[in-house]
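J.: Residue numbers (my numbering): 370 to 869. Okay, handing you the structure first.
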Amino acid sequence: MTSFGRAPLLLKHAVRSPSLSVAISLGIASLVLHTHAYAADTADNSAAPTPSLQTVVVQGHEAQSDAQAARERLSKVAGATSVVDNKDVEKGRTATAQDVLAYQPGVYAQATSGQSAAKVSIRGSGLNSFYGGYALGIKYLYDGIPITGPGGTQEDLLDMAAVDHTEVLSGANAFEYSALSLGGAINMVTNNGYTNPGNSIRVEAGSFGYRKEQLSTGGVVGNGDYYLSVLNNERHGYQEDSPNRGNDVVGNFGYTFNSQLETRLIVRYRNEYNTNASPLTLAQIKHDPSANNYRWVRRKPGTVFLGSNTTYTFDDDSKLEVGLGYHHYTLTDGLHYYANPGQWDSTDLSTSLRYLRKGDTLFGLPSDTTLSFSSTILLPGDVKVRNPQTWEEVERVKFSGSRDTVFAIGNELQLTDRTWLSTGLSAANTVRDVRVTHATAPNTSPFPSSVDDNEWNLAPRIGLRYALTPGIQVFGNLSRSIDPPVTWYYSTGPASNPYG
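Right under this line is the structure:
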């Protein structure tokens, strides 16, 4: 009865509010329509087959390091090559080049007197050369730019400071670096802001007063990157009175303008003061191994190396690489050892061009071709022979204008899925301009006072490699190395006689 009595009240309110009644009716109608539509969709979907997707596998790979990329690139050479990741070496001592190169196949590396100088030989190259001044038989490069010139390689930059990885290419397998020497080439690649970001402090210490301290910083800013390192090394020496010390400053600055153009500037500076210890007799080795029969002092007040690498990638994915190098080095050698010590002052100017074309076909087979030009000229360069008591100049020999120039073409032809044929031809021009411009004593030797030697040589190369598995391959090659004489081989006198 009570609920029946309230019904007229609701009806009464409904009659008084016609708009509300219409709204309620529309809302109910809409709800009913949506409910029917949802029910119909549900019925249709239940009748339709459920779609299924194939399994998608997502794999993550660690970014390839520069050392790994270099190892992959050199694996395509039909000959002996290797890559040393200096980060692995830095887990232990990194005092000299011996620590980096000693365990590479076919490489002999022995430190001398605990200094940056090292006796390095590949396949017997440079075995008849001395240590402590110029290294022979191998072409050395930093970031693809040579520090080896017509006079050989001064050893102060072979301390391999701030290096990310080192490439070793034996003999004529160093074709891509236009190496003429018997031993091939060793290319040291400097750290950059990508490979060595952040700040670091490294300290090494050991017996006989060995110390090495290094501060470095690196990073990436926008399209550019930077790396800077300062290093000091010192060693008192095992033998008496044989101290060595040196300092390095290394910089590497890169910038990417766009997807096609990038450039990089490398700066290196080093000074050092070295005292080579003397050889010992068998009796001294047994009873007095720390003896030092004489002092052989070398001073290098400052070596400067500037290098620039610019790469342009064309629309067809071919590349043009342009390298420029400036290398100024001085050396006062033979103090307290030579009857007349020598003061060497040299500047090497280097230019390299490489055009790399990939993805072509030759005889219907996949083909990659490389054209290259390399030139290093000694300008200027001379040595002054001094009287050790008065420091008077007794002789001057000039080497300015001596140069090494190489034109080369190489091709990699894929014969089958597992077989590649490598061919190449280098045309090398070596110029040795040696002149005695001042002498206090007449030339009574059978050798002339000046030599102007200009020679052209061809160095062909052919190689074949076969991949047994993705990780194992066999190879063989026939090639020619030239190994031209260095400038000071042509001159006489104590200034150029490394054997005393």
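In this text, a Cβ means the ideal position worked out from N, Cα and C, and glycines have one as well.
Smallest Cα separation from A466: which of T679, V425 and D525?
T.: Of T679, V425 and D525, the residue nearest in Cα terms is D525.
J.: At the level of alpha carbons, what is the spacing between G552 and N798?
T.: For G552 and N798, the distance between alpha carbons rounds to 19 Å.
J.: When the Cα atoms are used, what is the spatial distance from L689 to T739?
T.: So the two alpha carbons sit approximately 10 Å from each other.
J.: Using the three-state DSSP reduction, which class does T564 fall into: helix, strand or coil?
T.: Coil.
J.: Can you tell me whether DSSP reads A708 as helix, strand or coil?
T.: Residue state, collapsed to three classes: coil.
J.: Take the Cβ of G694 as the centre, count every other Cβ of all protein chains shown within 10 Å, and call the residue buried at 16 or more, exposed below.
T.: Buried: at least 16 other Cβ atoms inside 10 Å.
J.: Output the distance between the C-alpha atoms of Q842 and A554, rounded to the nearest integer angstrom.
T.: Cα-Cα distance, rounded: 22 Å.
J.: Which residues bound the beta strand (DSSP E) around V843?
T.: From DSSP, the beta strand (DSSP E) with V843 extends over I841 to S848.
J.: To which residues of the same chain is L704 closer than 6 Å at the C-beta, ignoring the five residues directly before and after it?
T.: Cβ within range, chain order: V666 and P710.
J.: Skipping 5 residues on each side, what residues in its chain have a beta carbon closer than 6 Å to that of T404?
T.: Only weak support exists for where T404 lies, its pLDDT of 46 falling under 50; the value from the coordinates is given anyway. So no residue of the chain qualifies.
J.: Judging by CA-CA distance, which residue of G845, N812, V775 and T788 is the nearest neighbour of I851?
T.: Of the listed residues, the one whose Cα sits closest to I851 is V775.
J.: For L549, is the classification buried or exposed, using 16 other Cβ atoms within 10 angstroms of its Cβ as the cut-off for buried?
T.: That one is buried.
J.: With R830 as the anchor, note down where its beta strand (DSSP E) starts and where it stops.
T.: Unbroken beta strand (DSSP E) run through R830: S819 to T838.
J.: Can you tell me which of T699, A660 and Q629 puts its alpha carbon nearest to the alpha carbon of D686?
T.: Checking every option, the nearest Cα to that of D686 belongs to Q629.
J.: From the DSSP output, in three-state form, read off T856 for me.
T.: Correct three-state label for T856: helix.
J.: Does the Cβ of E441 have 16 or more other Cβ atoms within 10 Å, making it buried, or fewer, making it exposed?
T.: Its Cβ having fewer than 16 others within 10 Å, E441 is exposed.
J.: Hey, could you find the ends of the beta strand (DSSP E) N798 is sitting in?
T.: Unbroken beta strand (DSSP E) run through N798: T788 to A808.
J.: Using DSSP with H/G/I as helix, E/B as strand and the rest coil, what is Y546?
T.: The answer is helix: DSSP assigns Y546 an H, G or I state.
J.: Could you give the distance in angstroms between the alpha-carbon of H656 and the alpha-carbon of A471?
T.: Roughly 29 Å separates the two Cα atoms.
J.: Is it buried or exposed, W878, if we count other Cβ atoms within 10 angstroms and call 16 or more buried?
T.: With the chain covering only 370 through 869, there is no way to say anything about residue 878.
J.: Can you look up H656 in the DSSP assignment and give me helix, strand or coil?
T.: It is helical.
J.: Could you check the C-alpha separation between Q479 and E459 for me, to the nearest Å?
T.: Their Cα atoms are separated by approximately 18 Å.
J.: If you draw a straight line from the C-alpha of W713 to the C-alpha of N823, how long is it?
T.: Each residue's Cα considered, the two are about 23 Å apart.
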